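Q: Position in the sequence shown (from 1) plus 1 gives the number in this note's numbering.
Quick one: structure below, then a few questions.
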Amino acid sequence: MALSLDHSLPDPEWLKRKYEILWDGRYHAMSGRIAHVVRIACGNTGKSHVLRVSAPARNSEGSLSLVRRLSQVHRFQTHLNDRGVRTVLPLSSFDGKTFSVTERGMTVEVFPFVEGRPPTRGIESDVRLAGSEIARLHNAGVGYRDLPDEESLCMNHLAIDSLVEDVRKMRVSTRRKPYHDQFIEYVASMERCAEAIDRLRPHLVETGLHLDTGPRNMIIDREGQLWFIDCNHGSRGRRVFEVCVSMYYLAPQADLPWGEPARYRLVDEGVEAAFLKAYRKVCEPPWRGEKSAALAIERMLMFIHGVTCWTTMGDEEEVRDELDRWNACYSTLKTGLEGAA
């Protein structure tokens with residue numbers, strides 16, 4: 002059973018002892034799906050901080066894995082900041098650690114709060130800013146090796162082998178379901194796309210990726226500078242993958258709820274053009290091998306990942322109705338894939 006937010010947060014005395022932050026126990030809950038994320042005020046400085054609190058691991062191996070992962074992420078953030086890419090670095094505790102564990106076994110990271118706003122979906126000036134800063138992040142990560150590779154991410158469609166295996170399992174488990182035929186049609190090109198990406202790999206740039214470049218994980222401060230937050234998914238992989246998903250996250254339809262047909266449209270041409278122009282202007286090495294073919298494949302892989310995830314949600318009728326709404330998007334993606342072959 003998940004711990005309540007109040008029970009998960011550190012004790013004010015613990016926070017004072019570890020970070021010399023005087024906190025009265027009040028907080029403002031922020032977004033956070035994997036960890037609890039709250040904003041607090043420091044009584045002795047007047048500054049705001051963000052606490053990111055991760056639930057205790059179920060076993061010692063999981064706990065060690067979390068420690069290694071956070072250490073990797075924080076080192077990567079430091080590497081990025083040293084190269085001019087703004088990420089919000091965690092504060093160090095009195096014992097020099099960038100995260101600490103409470104008496105209850107909760108892992109706590111403390112970040113300074115950056116005043117600002119997220120990029121606005123569909124606003125081309127914000128899309129251009131995000132495109133150029135994501136390019137700089139990728140530039141800084143090209144030679145950086147201290148990150149897990151893509152196949153360690155079993156829950157992310159960057160991991161091609163994992164996605165192929167998930168699709169194979171779903172082809173069996175969806176038999177006799179009312180949406181089985183639709184699912185089979187949608188994922189028919191899975192193996193072909195996976196093989197095509199493998200053939201293109203010698204021409205694709207592999208680098209450090211943020212892996213969650215939605216507006217909620219970027220902040221434009223009062224000076225107009227963009228900061229990356231929540232870098233905890235950072236891994237090595239194909240930069241063209243993050244270009245593909247970032248354009249979708251920055252398009253207006255990404256904010257629509259499940260069941261809205263417009264959610265599954267392709268990215269608005271204006272958003273895509275603004276992002277790619279800004280990205281290509283900055284990225285190093287230059288955008289040469291990653292042209293229309295790679296983007297078309299990544300779009301289809303992203304679609305297949307979404308289809309595969311959706312078939313595990315809701316009841317059978319809901320899933321069937323939802324998948325029916327994807328038809329127009331699938332037809333366009335299929336045409337683009339065939340054109341790029």
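No residue lacks a Cβ here, since even glycine has one placed at the ideal position from N, Cα and C.
Please read these numbers as outputs of a predicted model, since none were measured by experiment.
1) Which one of 174, 92, 80 and 187 has the shortest CA to CA distance from residue 331?
2) For the structure I just gave you, are there three or more beta carbon pairs, one from the segment 126–137 and one from the segment 272–287, closer than 8 Å?
3) Taking DSSP as the reference, what is the three-state secondary structure of residue 16?
4) For residue 79, which residues of its own chain have a beta-carbon under 8 Å away from its beta-carbon, when the five flanking residues on both sides are left out?
5) Would you kindly work out how many angstroms separate the C-alpha atoms of residue 282 and residue 86, rounded to a whole number?
6) Short check: CB of residue 255 to CB of residue 297, under 8 Å?
7) Starting from residue 86, follow the beta strand (DSSP E) in both directions and report where the run begins and ends.
8) What are the partner residues of residue 220, as DSSP defines its beta bridges?
9) Which of the three DSSP states is assigned to residue 238 in this structure?
10) In or out: residue 312 buried (at least 16 other Cβ within 10 Å) or exposed?
11) So, does the segment 92–111 touch the segment 201–211, judging by three or more C-beta pairs under 8 Å?
12) Check whether the segment 107–117 and the segment 219–237 are in contact - that is, three or more C-beta pairs closer than 8 Å.
13) Would you list the one or two residues that DSSP bridges to residue 207?
14) Using DSSP with H/G/I as helix, E/B as strand and the rest coil, what is residue 198?
15) If I measure Cβ to Cβ from residue 143 and keep anything under 7 Å in the same chain, skipping five residues before and after, which residues do I get?
16) Counting Cβ pairs, one atom from each stretch, are 3 or more of them under 8 Å apart for the segment 65–75 and the segment 192–204?
17) State the start and end residues of the unbroken beta strand (DSSP E) segment that holds residue 296.
18) Check each candidate in 339, 13 and 227 and name the one with the smallest Cα separation from residue 301.
19) What does the alpha-carbon distance come out to for the pair residue 420 and residue 177?
20) By Cβ distance below 6 Å, which residues in the same chain neighbour residue 324 in space, the five residues on each side in sequence not counted?
21) Can you tell me where the alpha helix (DSSP H) with residue 274 in it begins and where it stops?
22) As a quick exercise: from 246, 244 and 264, pick the residue whose alpha carbon is nearest that of residue 253.
23) Considering only residues of the same chain and omitting the five flanking positions on each side of residue 100, which have a CB-CB separation below 7 Å?
24) Within its chain, find whatever has a CB closer than 8 Å to the CB of residue 153; leave out the 5 residues flanking it on each side and keep chain order.
25) Compute the Euclidean distance between the alpha carbons of residue 233 and residue 39, then round it to the nearest angstrom.
26) Cβ atoms of residue 280 and residue 141: under 8 Å apart, would you say?
27) Going straight from the alpha carbon of residue 251 to that of residue 303, what length do you get?
28) Is it true that the CB of residue 81 sits closer than 8 Å to the CB of residue 138?
29) Can you name, in chain order, every residue of its own chain whose Cβ lies under 6 Å from the Cβ of residue 305, other than the five neighbours on each side?
30) Have a look at residue 215 and residue 230 and give me their C-alpha separation to the nearest angstrom.
A: Concretely, from the data shown:
1) 187
2) The segment 126–137 is in contact with the segment 272–287.
3) helix
4) 90
5) 16 Å
6) no
7) No beta strand (DSSP E) holds residue 86; DSSP gives it neither H nor E.
8) 228
9) strand
10) buried
11) no
12) Contact holds: three or more Cβ-Cβ distances are below 8 Å.
13) 239
14) helix
15) 206 and 208
16) no
17) Here residue 296 belongs to no beta strand (DSSP E); instead the alpha helix (DSSP H) covers 293–311.
18) 339
19) The requested residue 420 does not occur in the structure, where the chain is confined to residues 2 to 342.
20) Answer for residue 324: 180 and 183, listed in chain order.
21) 270–283
22) 264
23) 71, 91, 108, 109 and 110
24) 160 and 236
25) 16 Å
26) no
27) 15 Å
28) yes
29) 188 and 191
30) 10 Å
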